[in-house]
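Top to bottom, those sequences are chains A and B. With positions in the first sequence counted from 1, the corresponding number in the working numbering is that position plus 18. With positions in the second sequence counted from 1, the corresponding number in the working numbering is that position plus 870. Where a beta carbon is used, it is the ideal one built from N, C-alpha and C, also for glycine. This structure is a prediction, so every number in the text was calculated from the model and none was measured. Written out below as C-alpha cells is the structure these notes cover.
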Amino acid sequence: MNFLTNNVFRQLVSRAIRTDYLENLTGFAWLILQPLILLAVYAFVFTTIFKSRVPDAGMGGFVPYLAVAFWPWTAFSEAVLRSSNCVSANAALIGKVAFPSELLPLSTVTATFVMNMAGYLAVLLVLQLMGAPIHWFGVILALPVLVLLYLFACGLALFVSALQVFIRDVSQILPPLMTFWFFTTPILYSSSVLPDRFATLMRFNPMSWYVERLRSFVLLGNYDFSLYDLAIPALTLLVFWGSLVFFRRFSAHFEDFL
Amino acid sequence: MEPLVRIKGVSKFYPRINRPRERLRAFASLMTGNEITEGAEVLQDVSLEVNPGQSFGIIGENGAGKSTLLKIITGVITPSHGSVEVNARVAALLELGAGFQPEFSGVDNVRMKAALLGMSASRLDRHLDQILAFADIGDYVYEPVKHYSSGMVVRLGFAVVAASDPQLLITDEVLAVGDESFQKKCIKWIESFLEQGNTLLMVSHSMYLVQKLCRQALWLHEGRTREIGDVFPVTQSYLAYHEERSAAESRQRRSQRGDSGLYRVSDFSLVGSADGKDLEVAGGGDLQAELVLHSPDGRPPVALFGVMRADGTPVYGVASDYDDIAAEQLDDHHYRFRIRFNSPALLPGSYSLRGHAMDPQGIRLCDTAELRFSVSGETREMGIIRLPHSWETGE
Chain A
19 MNFLTNNVFR
29 QLVSRAIRTD
39 YLENLTGFAW
49 LILQPLILLA
59 VYAFVFTTIF
69 KSRVPDAGMG
79 GFVPYLAVAF
89 WPWTAFSEAV
99 LRSSNCVSAN
109 AALIGKVAFP
119 SELLPLSTVT
129 ATFVMNMAGY
139 LAVLLVLQLM
149 GAPIHWFGVI
159 LALPVLVLLY
169 LFACGLALFV
179 SALQVFIRDV
189 SQILPPLMTF
199 WFFTTPILYS
209 SSVLPDRFAT
219 LMRFNPMSWY
229 VERLRSFVLL
239 GNYDFSLYDL
249 AIPALTLLVF
259 WGSLVFFRRF
269 SAHFEDFL
Chain B
871 MEPLVRIKGV
881 SKFYPRINRP
891 RERLRAFASL
901 MTGNEITEGA
911 EVLQDVSLEV
921 NPGQSFGIIG
931 ENGAGKSTLL
941 KIITGVITPS
951 HGSVEVNARV
961 AALLELGAGF
971 QPEFSGVDNV
981 RMKAALLGMS
991 ASRLDRHLDQ
1001 ILAFADIGDY
1011 VYEPVKHYSS
1021 GMVVRLGFAV
1031 VAASDPQLLI
1041 TDEVLAVGDE
1051 SFQKKCIKWI
1061 ESFLEQGNTL
1071 LMVSHSMYLV
1081 QKLCRQALWL
1091 HEGRTREIGD
1101 VFPVTQSYLA
1111 YHEERSAAES
1121 RQRRSQRGDS
1131 GLYRVSDFSL
1141 VGSADGKDLE
1151 VAGGGDLQAE
1161 LVLHSPDGRP
1171 PVALFGVMRA
1181 DGTPVYGVAS
1191 DYDDIAAEQL
1201 DDHHYRFRIR
1211 FNSPALLPGS
1221 YSLRGHAMDP
1231 QGIRLCDTAE
1241 LRFSVSGETR
1251 EMGIIRLPHS
1261 WETGE
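This is the structure in C-alpha cells:
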C-alpha cells in the first residue's frame, strides 16, 4: 500500500480526476446524473412495470435498496473497465520513462473510486432527506467494506490491464462480462428470492457479499457477523496480491508488446 | 571504486508480434517460460562499466542499438539476457517528448516529469521558477504540450532534468533539436555538471559533440560492441568506417554511371603520403596535392581545393579559375592540377583536403574526393590557423 504516498501516483490520480471528471464542465454533473438516471430507469421498470417486491427491502422501499448497492457497483465496474486499457494508453510513458507501471491501473481505480464515493455520499444524504432510514453507524462500518471493494477493484484492474497488453481483445470482452456480472449480483433483486440452488451458488460471487453487506449495514442496521464475512475479504486480499504478482511478473515485457 | 553502471552480457530480443496469433504465441511462451525464437535481436552481448566521473559517448549507425542500450540502463526495458546494475540517481532524457503527455500543459508535465524523476513536491515548488527560467519558453508553459514545437519540448524536458540534481545523466540525441543558444546553454550545463564529478552517458551522431563532452566512447555496430575506449581513437575509427562506406557507395554509383556524363575526379593524392596512410605534415611545412580530373567531353574542367578541419569546419577554399590557372592536359580526357600551399598557417590537428571537379564554367560542382592529413607539432595557441601578429611592447 506504499503506493499511496508515491508522488508519481498522486500526480497520476490528480491527472485522471481532472481529465476524466473536472476538466469537462459536465463531467462532474454526469458522474451524479448518469447513475441517477439509470437508477430512475431501473426503479421505474422494477417497481411500476414488473411490480417486483423485494422481501427484505426494509422500510425505505425499492429505491434506497437499489441505490445503496448500485453506486458501489458502478464505482467497481467503472474502475475495472477504465483501467483495462490504461497500460496501452500510456505506451508513450512506459517506453520512455522508468517508473513502476502498476501505478497506472492503481491510479485509475483510485480516481474512479474517489469520484464515485463522493457521489455515493451525496446520494446517501439525498436518501436521508427523502426519509429513507439510513443507519449512519452502519455507514461507518461500511467504510472498511468499501476499502475492500476498492482493493478488489485494484486487483482485477491490475490483472486485466496487464492481460490487455498481450491480448488486445480483453477490452472488447470485458464490457459484456461486466454486464453479465451485474445481473448475476443481487443488485436489482434480493438473493432471498432465488431458489436455494442459485442462492448457494451466489455466495461464491464476491460482489454479492459486498452489496448485501453494504445494504445490511447502511439500510437495515444489521451488524451480524459470520465466517462468510472473513472468507470474502480474505479472497479479496488474495486476488489483490495475486494480481500484483501477475502484473509485476509481466510488466517487464510490456515494452516488447506495446 | 564502485561503478555507477555495470552491465554484463546484455542482449535484447524483440518477439515478433505483428499478427494476433504471433502475439498470443509470444505471450504463451512468456507464461510457460519458453524461449521465444521468432523476432529481432537488437543488442547482443554488450558489456559496459561506467565509473563515477566518466563521460561516455555511445555512437553508431541508425539501428545499431544505441537507444535500446540507454533504455536498458534506465530500466525502461528489460534485457532478454544479461544483468544490469545501476547505483545512481539517474535522470534520463530519452527521445523527443521525454514522456510528456500532449494533452496537458507544460507546467503539468513538468510536475509529472519531476515526480517521475523522484523529486518531492516541495522540492519541485522550490525549483519551479528556476526550471521555467531555464526552459525560457515564456507563457507557453500554460499551453498544452501538443502546441509546442519540438525544440520547446526539449527545452522543458532538459530544464526539469537539470533541476533534478542527478548523478548520472543519460541523453539520447535530443539536444540536436534545440536552437543554437539553447544547445550552448545545455552544453555549458553539462560541462559544469561533469566538472562537479558527475557522470554522463550520451548518444549522439555529432562526433563534435561527443568529442567535446565525452572522454570515453562506445561504438555499437549491429547490436554488438565494435570498439570501446578513449573517445578520440573510437570516434576516429567510426568516422573512418563511414568514410570507407561512402567512398564505396560513390565508387559504385560511378561505375553504374559509366564513363559518360559528368566531370569527375579520377585521381587525387597528397605528395609525400605513403599508401593507405594519412599524411603528416610538420607544422609550417608545405602541403602539396595533385588532382587529376576526367572530362567526358574533352573541355578542361575547373578544379576546386578546400581545406577543412576534421569536424568539417571549412578553413580555406580556392578554385583554379579564381587564379586563372589552366589545367595541364594529360590526354584527351584527363587534366592535371597541382597545388602547393606554402607553409600553411594551420595549427596542429587533423584536417582534410578536398579536391572537387567542376564544369568548365566553374559553376557546377560535379565530384568530390577527400584526403586526410594531420599537422604535427606542439603549441598552446588556440583555434584553427595562426594569424600573423606582433606584440606592441610600448617602447
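Terminal residues of the continuous alpha helix (DSSP H) containing residue i?
i                : result
G969 of chain B  : Unbroken run through G969 of chain B: none, as it is neither H nor E.
V229 of chain A  : P224 to R233
F68 of chain A   : It is not in any alpha helix (DSSP H) - F68 of chain A carries neither H nor E in the DSSP assignment.
W1059 of chain B : E1050 to E1065
D187 of chain A  : D187 of chain A -> no alpha helix (DSSP H), and no H or E assigned at all.
S210 of chain A  : That residue, S210 of chain A, is in no alpha helix (DSSP H); it is neither H nor E in DSSP.
D1167 of chain B : D1167 of chain B -> no alpha helix (DSSP H), and no H or E assigned at all.
I35 of chain A   : N25 to I35
Give me the chain A residues within the contact set of residue i, using Cβ-Cβ distance strictly less than 8 angstroms, ordered along the chain.
i               : result
S975 of chain B : Neighbours of S975 of chain B on chain A: none; closest Cβ ~11 angstroms, over 8 angstroms.
S937 of chain B : Within chain A, no residue comes near S937 of chain B; the closest Cβ sits about 10 angstroms away, beyond 8 angstroms.
F897 of chain B : F184, I185 and F275
Y884 of chain B : D274
G969 of chain B : A110, L111, K114 and V115
I887 of chain B : D274 and F275
Among the options, which residue has its Cα nearest to the Cα of residue i?
i                : options                               : result
G1153 of chain B : B:L939, B:L1109 and B:S1220           : B:S1220
V960 of chain B  : B:K1054, B:L1038, B:G1182 and B:I1195 : B:L1038
L139 of chain A  : A:V178, A:V236 and A:F27              : A:V236
N24 of chain A   : B:S1062, B:F1063, B:G988 and B:V920   : B:G988
V296 of chain A  : A:N240, A:A93 and A:I191              : For chain A, the structure presents residues 19 to 276; residue 296 of chain A sits outside this window and is missing.
A1215 of chain B : B:D1229, B:Y1205 and B:G1247          : B:G1247
F883 of chain B  : B:L1149, B:I1209, B:G1093 and B:R996  : B:G1093
D247 of chain A  : A:L262, A:G260 and A:R231             : A:R231
E1004 of chain B : B:D1229, B:L1026 and B:A1196          : Correcting the residue type first, residue 1004 of chain B is Phe in the shown sequence and not Glu. Of B:D1229, B:L1026 and B:A1196, the residue nearest in Cα terms is B:L1026.
Y222 of chain A  : A:T202, A:L206 and A:L238             : Per the sequence presented here, residue 222 of chain A reads as Phe, with Tyr not at that position. Per the Cα distances, A:T202.
F62 of chain A   : A:W48, A:G79, A:I50 and A:A47         : A:G79
A1197 of chain B : B:D1167, B:Y1108, B:L1163 and B:D1181 : B:L1163
M1072 of chain B : B:E1050, B:H1091, B:G1099 and B:D1042 : B:D1042
Q971 of chain B  : B:M1022, B:G933, B:D1202 and B:V1015  : B:V1015
V26 of chain A   : B:L1079, B:V980, B:K878 and B:T938    : B:V980
V59 of chain A   : A:W48, A:V86, A:A47 and A:V81         : A:V81
N1211 of chain B : B:Q1158, B:P1166 and B:E911           : Sequence check: residue 1211 of chain B is Phe here, not Asn. Of the listed residues, the one whose Cα sits closest to F1211 of chain B is B:Q1158.
E911 of chain B  : B:S953, B:V880 and B:E919             : B:V880
L1109 of chain B : B:I1057, B:G1142, B:F1063 and B:A1180 : B:A1180
Along the chain, where does the beta strand (DSSP E) that runs through residue i open and close?
i                : result
M1178 of chain B : V1172 to R1179
K878 of chain B  : V875 to P885
V834 of chain B  : Missing from the structure shown is residue 834 of chain B; chain B here goes from 871 to 1265 and no further.
R1096 of chain B : R1094 to D1100
M1072 of chain B : T1069 to V1073
V1162 of chain B : L1157 to H1164
S244 of chain A  : Here S244 of chain A belongs to no beta strand (DSSP E), and DSSP marks it neither H nor E.
F1138 of chain B : R1134 to L1140
I928 of chain B  : S925 to G930
Given that residue i touches chain B, what residues does it touch there, using C-beta distances under 7 angstroms?
i               : result
N25 of chain A  : A985, S990 and A991
G113 of chain A : V946
Q29 of chain A  : R981, M982 and A985
A180 of chain A : What A180 of chain A touches in chain B: nothing, since even the nearest Cβ is about 11 angstroms away.
A107 of chain A : Within chain B, no residue comes near A107 of chain A; the closest Cβ sits about 10 angstroms away, beyond 7 angstroms.
Using a C-beta to C-beta distance shorter than 8 angstroms, which residues of chain B count as neighbours of residue i?
i               : result
H271 of chain A : L900 and T948
F264 of chain A : Within 8 angstroms Cβ-Cβ: nothing; F264 of chain A doesn't reach chain B, min ~10 angstroms.
F268 of chain A : L900
Name, please, each residue of chain A whose Cβ falls closer than 9 angstroms to the Cβ of residue i.
i               : result
L964 of chain B : G113, K114 and V115
L894 of chain B : F184 and I185
I942 of chain B : Going along chain A, no residue has its Cβ under 9 angstroms from I942 of chain B, so there is no contact; the nearest lies around 10 angstroms.
| task | Could you name each continuous beta strand (DSSP E) segment of 3 residues or more that falls completely within the stretch 1188-1256 of chain B, going from the start of the chain to the end? | result | 1204-1211, 1219-1228 and 1235-1246
**the stretch 1238-1246 of chain B / the stretch 1132-1141 of chain B touching (three or more Cβ pairs under 8 angstroms)** = yes
Practice problem: Check whether the stretch 1002-1017 of chain B touches the stretch 51-70 of chain A, taking contact to mean three or more Cβ pairs, one atom from each stretch, closer than 8 angstroms. | Solution: no
Worksheet entry | Stretch-stretch touch, CB-based, cutoff 8 angstroms, three pairs: the stretch 1224-1235 of chain B with the stretch 1167-1174 of chain B | With a cut-off of 8 angstroms, the stretch 1167-1174 of chain B and the stretch 1224-1235 of chain B count as touching, because enough Cβ pairs lie within range.
### Message
Check whether the stretch 88-105 of chain A and the stretch 176-184 of chain A touch, using three or more Cβ-Cβ pairs below 8 angstroms as the test.
### Response
yes
key: the stretch 124-137 of chain A / the stretch 155-171 of chain A touching (three or more Cβ pairs under 8 angstroms)   = yes
Kindly confirm or deny that the stretch 148-158 of chain A and the stretch 177-191 of chain A touch, where touching means at least three C-beta pairs closer than 8 angstroms. no
* Complete alpha helix (DSSP H) runs within the stretch 64-138 of chain A (minimum length 4 residues, chain order) -> The DSSP assignment places complete alpha helix (DSSP H) segments of no fewer than 4 residues inside the stretch 64-138 of chain A at 80-101, 104-107 and 109-114, in order along the chain.
Check: Are at least three pairs of beta-carbons, each pair with one atom in the stretch 1100-1115 of chain B and one in the stretch 935-944 of chain B, less than 8 angstroms apart?
Finding: No, they do not touch.
*Touch check for the stretch 892-905 of chain B and the stretch 264-275 of chain A: three-plus C-beta pairs under 8 angstroms?*
yes
Open item on the list: So within the stretch 960-1036 of chain B, which uninterrupted alpha helix (DSSP H) runs reach at least 4 residues, ignoring any that extend past its ends?
Closed with: 976-986, 991-1005 and 1020-1033
Query raised in the report: Counting pairs of beta carbons, one from the stretch 1018-1036 of chain B and one from the stretch 1044-1061 of chain B, are three or more of them closer than 8 angstroms?
Result: yes
At a cut of 8 angstroms, does the stretch 920-933 of chain B reach the stretch 1063-1071 of chain B through at least three beta carbon pairs?
yes
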